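Novice: So the sequence shown is numbered by full-length UniProt numbering: it starts at 1 and just counts up by one.
Ideal Cβ placement from N, Cα and C applies to all residues, glycine included.
No experiment lies behind these values; they were computed from the predicted model shown.
Before I ask anything, let me first share the structure, which is written out below as structure tokens.
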Amino acid sequence: DFDVSGTSVVQVTATDADDPSYGNSARVIYSILQGQPYFSVEPETGIIRTALPNMNRENREQYQVVIQAKDMGGQMGGLSGTTTVNITLTDVNDNPPRFPQSTIHLRIPESSPVGTAIGSVKATDADTGQNAEVEYRIIDGDGTDMFDIVTQKDTQEGIITVRKPLDYETRRLYTLKVEAENTHVDPRFYYLGPFKDTTIVKISVEDVDEAPVFSRSSYLFEVHEDIELGTIIGTVMARDPDSASSPIRFSLDRHTDLDRIFNIHSGNGSIYTSKPLDREISQWHNLSVIAAEINNPKDTARVPVYVRILDVNDNAPQFAVFYDTFVCENARAGQLIQTISAVDKDDPLGGQKFFFSLAAVNPNFTVQDNEDNTARILTRRNGFSRHEISTYLLPVVISDNDYPIQSSTGTLTIRVCACDSRGNMQSCNAEALLLPAGLSTGALVAILLCIIILLVIVVLFGALKRQRKKEPLILSKEDIRDNIVSYNDEGGGEEDTQAFDIGTLRNPAAIEDKKLRRDIMPETLFVPRRTPSAPDNTDVRDFINQRLKEHDTDPSAPPYDSLATYAYEGNDSIAESLSSLESGTTEGDQNYDYLREWGPRFNKLAEMYGGGESDKDTS
1 DFDVSGTSVV QVTATDADDP SYGNSARVIY SILQGQPYFS VEPETGIIRT ALPNMNRENR
61 EQYQVVIQAK DMGGQMGGLS GTTTVNITLT DVNDNPPRFP QSTIHLRIPE SSPVGTAIGS
121 VKATDADTGQ NAEVEYRIID GDGTDMFDIV TQKDTQEGII TVRKPLDYET RRLYTLKVEA
181 ENTHVDPRFY YLGPFKDTTI VKISVEDVDE APVFSRSSYL FEVHEDIELG TIIGTVMARD
241 PDSASSPIRF SLDRHTDLDR IFNIHSGNGS IYTSKPLDRE ISQWHNLSVI AAEINNPKDT
301 ARVPVYVRIL DVNDNAPQFA VFYDTFVCEN ARAGQLIQTI SAVDKDDPLG GQKFFFSLAA
361 VNPNFTVQDN EDNTARILTR RNGFSRHEIS TYLLPVVISD NDYPIQSSTG TLTIRVCACD
421 SRGNMQSCNA EALLLPAGLS TGALVAILLC IIILLVIVVL FGALKRQRKK EPLILSKEDI
481 RDNIVSYNDE GGGEEDTQAF DIGTLRNPAA IEDKKLRRDI MPETLFVPRR TPSAPDNTDV
541 RDFINQRLKE HDTDPSAPPY DSLATYAYEG NDSIAESLSS LESGTTEGDQ NYDYLREWGP
601 RFNKLAEMYG GGESDKDTS
């Protein structure tokens, strides 16, 4: 931009190859052919100057100027040349920022959190670059403490944000006066006026159905542990911030009270106990109370409630540890045998203080309170005998000094032991003298366990042996080799034909086809050998011997003992055969009177066969 005319812009120079000393042939004169009336050129020097004042870049930025250089002093007949000069006007900060609107309206919900962007304002500037840079600020209005404005450098906008929480019920409209000012001002153009502008921004707050609001951000209640059930320990308060002011319903978050020790009145927010309290179990309870609108249960709010349980003296002191106390047989009166202490679950403000005493006067021992929550157990006489009394029981009363006073009785078990001259315990049992010196109690226990284990093994082995059963060799009635029949009486003679088929012995050819044994699994199968049939008059003894020989030479037979019963007595019996096998081949009568001489057990046979003979004679 140029504010005055005649400002030098640039100088152009033309050269002529003619001899400058020869007349005017090398004398050059400059003139402007294009670019008027904005620029002019000096004829002699070629300096281009502005011809108009206050040239404005914002109106026109680019210019093209054509300059002619002519020799012969510019006279007729001279030679000429031209050049083109492009001129660009640079910017200066000669324009202030301007808001396009004098009033701007914005809206925002009341629930918008702090830092939320409401909207933007922008002032225009005809300049460019840093000459167009502006800074925004809030200079006046009734919402200067509720809102902020931030300048965006890249877009040259002013962003209005929430500075404090909004409340539709408190205020619904805010008015701000926003100013935009150039950050780089050229002092040469101060006369053009202030390089800043202002606008009015009106912000409307919109109503939103808000969640209830508690009167405090958190609550702390203190209560003694001995209060009665149903006692109110404190009350929380909340309200509906909306103009409708909907009623509030309270509840406890059960995830923060899993044992359901507390409860709350849904209408007024009073918290009360529903189970006994115990500080020794839990000193603090951290609850969470939920408040919800009755008309809109989805809008809820939470607040932490801290309940501190105050101590009450409700626990009696007890021995701090279990004491294994002994007294030497050679102890003297007044000798210290044990130092005791106590603990208490309660925690009084002044600290713990315990008192020790005996429940009754004891002729053997006494207790001496050290007044530092410890006491000493002392002997009251000389000498003790473990053979007479091996153990003494000493009741000790321990009490505290809080209100109400609590006390308990702890019993010390004092063993009488044999000690060396230095008071070191050697043995505490009278029976220990009978035991070998090198055999400890642990070794005896180990030996006893080994004996018990051996007895258990023996018992189990015997039980398994009794339960073992042999598999039967005869699996089916179809096996015709042998059967054992137990009659448990004298027998029925020839009339008993159910137990055994006697025809097998009479007709050996019936069993010619040999069957495989069923009581074993032979390693190799042999083809049964066909043996010639014995004639019908072959003696049974020869038949049996033949079969025995076959079994002895049979490789498929088992090498162990087996029982083969053929129901045949043989010829060695002094009574000869009692069966009727030979009755079919004998036509003569036999005399069975000798059966009566064998005793009462054979009376039945004697009656059967002897009676038959008399009947025959009678007939």
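Go ahead and label residue 94 buried or exposed: buried means 16 or more other beta carbons lie within 10 angstroms of its beta carbon, across all protein chains shown.
Specialist: Here residue 94 is taken as the residue at index 94 of the sequence shown, counted from 1. Per the 10 Å Cβ criterion, buried.
Novice: Residue 78 by DSSP, collapsed to three states: which one?
Specialist: Residue 78 sits at position 78 when you count from the first residue of the sequence shown. Coil at residue 78, not helix or strand.
Novice: Measuring CA to CA, which of 329, 391, 375 and 342 is closest to residue 384?
Specialist: Taking the first residue of the sequence shown as position 1, residue 384 is located at position 384. Ranking 329, 391, 375 and 342 by Cα distance to residue 384 puts 329 first.
Novice: I need the straight-line Cα distance from residue 238 to residue 372, nearest angstrom please.
Specialist: Taking the first residue of the sequence shown as position 1, residue 238 is located at position 238. Taking the first residue of the sequence shown as position 1, residue 372 is located at position 372. Answer to the nearest angstrom: the Cα atoms are 52 Å apart.
Novice: Helix, strand or coil: how does DSSP classify residue 591 here?
Specialist: Position 591 of the sequence shown, counted from the start, is the residue given in the question as residue 591. Residue 591 falls in the coil class under three-state DSSP.
Novice: Secondary structure at residue 184, three-state DSSP: helix, strand or coil?
Specialist: Counting from 1 along the sequence shown, the entry for residue 184 is found at position 184. In this structure, residue 184 counts as coil in the three-state DSSP scheme.
Novice: For residue 331, count the other beta carbons within 10 Å of its own beta carbon; 16 or more makes it buried, fewer makes it exposed. Which is it?
Specialist: Within the sequence shown, the letter at position 331 stands for residue 331. Buried is the call here.
Novice: Under a three-way DSSP split, which group does residue 475 fall into?
Specialist: Taking the sequence shown and counting its residues from 1, the one referred to as residue 475 is at position 475. Only weak support is given to the placement of residue 475: the predicted model assigns it a pLDDT of 46, under 50, and the value that follows is read from those uncertain coordinates. Correct three-state label for residue 475: coil.
Novice: Comparing C-alpha positions only, which one of 292, 303, 227 and 244 sits nearest to residue 274?
Specialist: Taking the sequence shown and counting its residues from 1, one reaches residue 274 at position 274. When only C-alpha atoms are compared, the closest one is 227.
Novice: Let's see if you can read the secondary structure: which residues bound the alpha helix (DSSP H) around residue 550?
Specialist: What you label residue 550 is simply residue 550 of the sequence shown in a count that begins at 1. Run containing residue 550: 540 to 553, per the alpha helix (DSSP H) assignment.
Novice: When the distance is taken between beta carbons, is residue 366 closer than 7 Å to residue 380?
Specialist: What you label residue 380 is simply residue 380 of the sequence shown in a count that begins at 1. What you label residue 366 is simply residue 366 of the sequence shown in a count that begins at 1. In contact: residue 380 and residue 366 (Cβ atoms closer than 7 Å).
Novice: With C-beta atoms as the reference, is residue 9 less than 7 Å away from residue 48?
Specialist: Taking the first residue of the sequence shown as 1, we reach residue 9 at position 9. Taking the first residue of the sequence shown as 1, we reach residue 48 at position 48. In contact: residue 9 and residue 48 (Cβ atoms closer than 7 Å).
Novice: Going by Cα to Cα distance, which pick from 599, 601, 312 and 608 is closest to residue 591?
Specialist: Your numbering for residue 591 matches position 591 in the sequence shown. Measuring from the Cα of residue 591, the nearest candidate turns out to be 608.
Novice: Enumerate in chain order the residues of its own chain whose CB-to-CB distance from residue 195 is below 6 Å, with the five nearest sequence positions on each side excluded.
Specialist: One-based indexing of the sequence shown puts residue 195 at position 195. 96, 182 and 185.
Novice: Would you kindly report the start and end of the unbroken beta strand (DSSP E) that includes residue 105?
Specialist: On the sequence shown, residue 105 is found 105 positions in, with the first residue counted as 1. Its beta strand (DSSP E) spans residues 103 to 109.
Novice: Between which two residues does the beta strand (DSSP E) containing residue 197 stretch?
Specialist: Taking the first residue of the sequence shown as position 1, residue 197 is located at position 197. Start and end: 196 to 206.
Novice: Looking only at its chain, what residues have a beta carbon closer than 8 Å to the beta carbon of residue 75, apart from the 5 residues adjacent to it on each side?
Specialist: Residue 75 sits at position 75 when you count from the first residue of the sequence shown. Excluding sequence neighbours, residue 75 sits near 24.
Novice: Where are the beta strand (DSSP E) runs, 3 residues long or more, that stay fully inside the region 315 to 363, in chain order?
Specialist: Fully enclosed beta strand (DSSP E) runs of 3 or longer: 325 to 328, 336 to 343 and 354 to 358.
Novice: For residue 325, which of 428, 286, 287 and 89 has the nearest alpha-carbon?
Specialist: Sequence index remark: in the sequence shown, residue 325 carries index 325 (1-based). Comparing Cα-Cα distances from residue 325 to each of 428, 286, 287 and 89, the minimum goes to 428.
Novice: Helix, strand or coil for residue 302 per DSSP?
Specialist: Translated into positions along the sequence shown, residue 302 becomes position 302. Of the three classes helix, strand and coil, the one that applies to residue 302 here is strand, per DSSP.
Novice: Take residue 216 as the anchor and find which of 286, 235 and 15 has the nearest alpha-carbon.
Specialist: As a working mapping, residue 216 is identified with position 216 in the sequence shown. The residue with the shortest Cα to Cα distance from residue 216 is 235.
Novice: Closer than 7 Å by C-beta to residue 37: which residues in its own chain qualify, once you throw out the five before and the five after it? Chain order, please.
Specialist: Sequence index remark: in the sequence shown, residue 37 carries index 37 (1-based). Cβ neighbours of residue 37 beyond the five flanking positions: 51 and 52.
Novice: Beta-carbon within less than 8 Å of residue 288's beta-carbon, same chain only, minus the 5 sequence neighbours each way: which residues are those?
Specialist: Start at 1 with the first residue of the sequence shown, and residue 288 comes out as number 288. 252, 253, 255, 256, 302, 303, 304 and 305.
Novice: Between the Cα of residue 270 and the Cα atoms of 207, 21 and 291, which residue gives the shortest distance?
Specialist: Taking the first residue of the sequence shown as position 1, residue 270 is located at position 270. Nearest option by C-alpha distance: 291.
Novice: Measure the beta-carbon distance from residue 199 to residue 213 and round it to whole angstroms, keeping in mind my assumption that it falls under 8 Å.
Specialist: In the sequence shown, counting from the first residue as 1, residue 199 sits at position 199. In the sequence shown, counting from the first residue as 1, residue 213 sits at position 213. Between residue 213 and residue 199 the Cβ distance is about 35 Å, and since that is not below 8 Å, they are no contact.
Novice: Provide the residue span of the beta strand (DSSP E) that contains residue 216, from first to last.
Specialist: The residue you call residue 216 lines up with position 216 of the sequence shown. Where residue 216 is concerned, there is no enclosing beta strand (DSSP E), given that its DSSP letter is neither H nor E.
Novice: Is there contact here, the region 78 to 86 with the region 113 to 128, by at least three beta-carbon pairs under 8 Å?
Specialist: Too few Cβ pairs lie closer than 8 Å, so no.
Novice: For residue 261, report the span of its beta strand (DSSP E) as first-last.
Specialist: Counting from 1 along the sequence shown, the entry for residue 261 is found at position 261. Note, residue 261: premise wrong, no beta strand (DSSP E); not H, not E.
Novice: To the nearest angstrom, how far is it from the Cα of residue 105 to the Cα of residue 229?
Specialist: Sequence index remark: in the sequence shown, residue 105 carries index 105 (1-based). Sequence index remark: in the sequence shown, residue 229 carries index 229 (1-based). Each residue's Cα considered, the two are about 59 Å apart.
Novice: List the whole-angstrom C-beta distance separating residue 363 from residue 402, where the pair is believed to meet the contact cut-off of C-beta under 8 Å.
Specialist: The residue you call residue 363 lines up with position 363 of the sequence shown. The residue you call residue 402 lines up with position 402 of the sequence shown. Wrong, their Cβ atoms sit about 33 Å apart, outside the cutoff.
Novice: Among the candidates 339, 392 and 389, whose CA atom is the shortest distance from the CA of residue 377?
Specialist: As a first step, residue 377 must be located in the sequence shown, where it is residue number 377. Closest option to residue 377, Cα to Cα, is 339.
Novice: Given residue 658, which residues of its chain have a CB within under 7 Å of its CB, disregarding the five upstream and five downstream residues?
Specialist: The requested residue 658 is not part of the displayed model; the chain covers only 1 to 619.
Novice: Short check: CB of residue 11 to CB of residue 46, under 7 Å?
Specialist: Your numbering for residue 11 matches position 11 in the sequence shown. Your numbering for residue 46 matches position 46 in the sequence shown. Result yes, Cβ atoms of residue 11 and residue 46 sit closer than 7 Å.
Novice: Check whether the Cβ atoms of residue 39 and residue 65 sit closer than 7 Å, and answer yes or no.
Specialist: Here residue 39 refers to the residue found at position 39 of the sequence shown. Here residue 65 refers to the residue found at position 65 of the sequence shown. A contact, by the Cβ cut-off of 7 Å.
Novice: Would you report the Cα separation of residue 169 and residue 130, rounded to the nearest angstrom?
Specialist: As a working note, residue 169 is residue 169 in the sequence shown. As a working note, residue 130 is residue 130 in the sequence shown. Computed Cα separation, rounded: 44 Å.
Novice: Go ahead and label residue 22 buried or exposed: buried means 16 or more other beta carbons lie within 10 angstroms of its beta carbon, across all protein chains shown.
Specialist: The count along the sequence shown starts at 1 and reaches residue 22 at position 22. Classification for residue 22: exposed.
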